[in-house]
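Student: Before we start, here is the structure in question, set down as C-alpha cells.
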Amino acid sequence: MRLTAEKLAARRGEDLLFSDISFELGAGEGLILIGRNGSGKSTLLRVVAGLLRPEFGQVRWSSSSTDDAIRASEACHYLGHRNAMKAELSVQENLAFWKEFCGDFGGGEGVSVAEAAEQVGLGGIAHLPFGYLSAGQQRRMAFAKLLVSYRPVWILDEPTAALDTRAEATFADLIRQHLARGGILLAATHQPLGIEGMQELRMTGFAGVAEEFAA
Numbered sequence: 114m115r116l117t118a119e120k121l122a123a124r125r126g127e128d129l130l131f132s133d134i135s136f137e138l139g140a141g142e143g144l145i146l147i148g149r150n151g152s153g154k155s156t157l158l159r160v161v162a163g164l165l166r167p168e169f170g171q172v173r174w175s176s177s178s179t180d181d182a183i184r185a186s187e188a189c190h191y192l193g194h195r196n197a198m199k200a201e202l203s204v205q206e207n208l209a210f211w212k213e214f215c216g217d218f219g220g221g222e223g224v225s226v227a228e229a230a231e232q233v234g235l236g237g238i239a240h241l242p243f244g245y246l247s248a249g250q251q252r253r254m255a256f257a258k259l260l261v262s263y264r265p266v267w268i269l270d271e272p273t274a275a276l277d278t279r280a281e282a283t284f285a286d287l288i289r290q291h292l293a294r295g296g297i298l299l300a301a302t303h304q305p306l307g308i309e310g311m312q313e314l315r316m317t318g319f320a321g322v323a324e325e326f327a328a
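Our numbering applies: residue 114 is where the sequence shown begins, and numbers increase by one.
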C-alpha cells in the first residue's frame, strides 16, 4: 500500500502557506513534519486527511487489497489538537461510538474498547466520564480511538501534548507496533517521538520552501 502526495499547495487566508510539497510513503514508513509554529504543519496534515481542500495538487491512496479509486482520506485516522470526545459520556461510550462510526478499513480489524483502554494504560477507568480525566489521560484515551477501528494511515498532530514521559513511551510503542504491521505514519511534532528510521520534512511557512531528509 502507498500514500502519495503530489505538488500540494494550501492557503491561509489570502496567503499561499506552502506549495509544491510531494512525498510518498509505503507500508511501515513514516514522515515527521517539523518547523516553527505557523509554518503549515497542521494545515498539511489536514489536507492529507481530507479535512481541507488543497489549492493545488492531490493525495492518492493505492493498495493491492483495496480499490485504488477510493479517496485517500478513507484510509486515514486523524488525531488533531482536539480529542473529539464528549465530556459527559464515559470513556467506554466514547470509544464504542468511534468504533461503530468508523468501522474497519480494507479487511483490517480494530481491537475491543476494553483492550484499547488497556493498551494506553488506562483500562481501569473506562467507566468514568471523559470530562473527569486529567489532560494527559484524555489525550491517552483519544489515542485509543486509533486502536478500536483499523486504518492503515495514522495522521497525528502533536500527539504527545500533555503527556508525561511514561505515556510518551507508551505512545511510541503503539506507533512502532502500527508500523511493524505495515501501517503508515504522518505526524507533526515539536518533540522527538523516539522512533528510528523516520523521514523528516521541514516546513518553513514560505510557499515553495521545504526540505525533506532522512532521520
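Just so you know, even glycine gets a beta-carbon here, dropped at the ideal spot from N, CA and C.
For Asp-286, count the other beta carbons within 10 Å of its own beta carbon; 16 or more makes it buried, fewer makes it exposed. Which is it?
Tutor: Mapped onto the sequence shown, residue 286 falls at position 173. Result: exposed.
Student: I'd like the ranges of any alpha helix (DSSP H) spanning at least 4 consecutive residues and lying wholly in the stretch 150–203.
Tutor: Counting whole runs of 4 or more residues, the stretch 150–203 contains the alpha helix (DSSP H) stretches 154–161.
Student: Decide if Met-114 is buried, meaning its Cβ has at least 16 other Cβ atoms within 10 Å, or exposed.
Tutor: In the sequence shown, the residue the question calls residue 114 occupies position 1. Its Cβ being crowded by 16 or more others within 10 Å, Met-114 is buried.
Student: What is the rounded straight-line gap between the Cα of Leu-124 and the Cα of Leu-158?
Tutor: For the purposes of this step, residue 124 is taken as residue 11 along the sequence shown, with counting starting at 1. For the purposes of this step, residue 158 is taken as residue 45 along the sequence shown, with counting starting at 1. Note on identity: in this sequence residue 124 is Arg, with Leu being the wrong assignment. Using only the alpha carbons, I get a separation of about 13 Å.
Student: State buried or exposed for Phe-326, treating a residue as buried only when at least 16 other CB atoms are found within 10 Å of its CB.
Tutor: Residue numbering aside, residue 326 sits at position 213 when the sequence shown is read from its first letter. Because Phe-326 sits at a pLDDT of 46, beneath the cut-off of 50, its placement in the model cannot be relied upon, and the point is left open.
Student: In whole angstroms, what is the alpha-carbon distance linking Glu-324 and Lys-199?
Tutor: Reading the sequence shown from its first residue, position 211 is the one you call residue 324. Reading the sequence shown from its first residue, position 86 is the one you call residue 199. Unreliable placement is indicated for Glu-324, whose pLDDT of 48 sits below 50; no coordinate value is reported for it.
Student: Just the C-alpha distance for Leu-146 and Arg-315, rounded to the nearest angstrom, thanks.
Tutor: Along the sequence shown, read from residue 1 onward, the residue named residue 146 stands at position 33. Along the sequence shown, read from residue 1 onward, the residue named residue 315 stands at position 202. Going from the Cα of Leu-146 to the Cα of Arg-315 covers about 6 Å.
Student: Starting from the C-beta of Ser-155, find all residues in its chain whose C-beta is less than 7 Å away, skip the five residues before and the five after it, and write them out in chain order.
Tutor: Position 42 of the sequence shown holds residue 155. Answer for Ser-155: Asp-270, Ala-301, listed in chain order.
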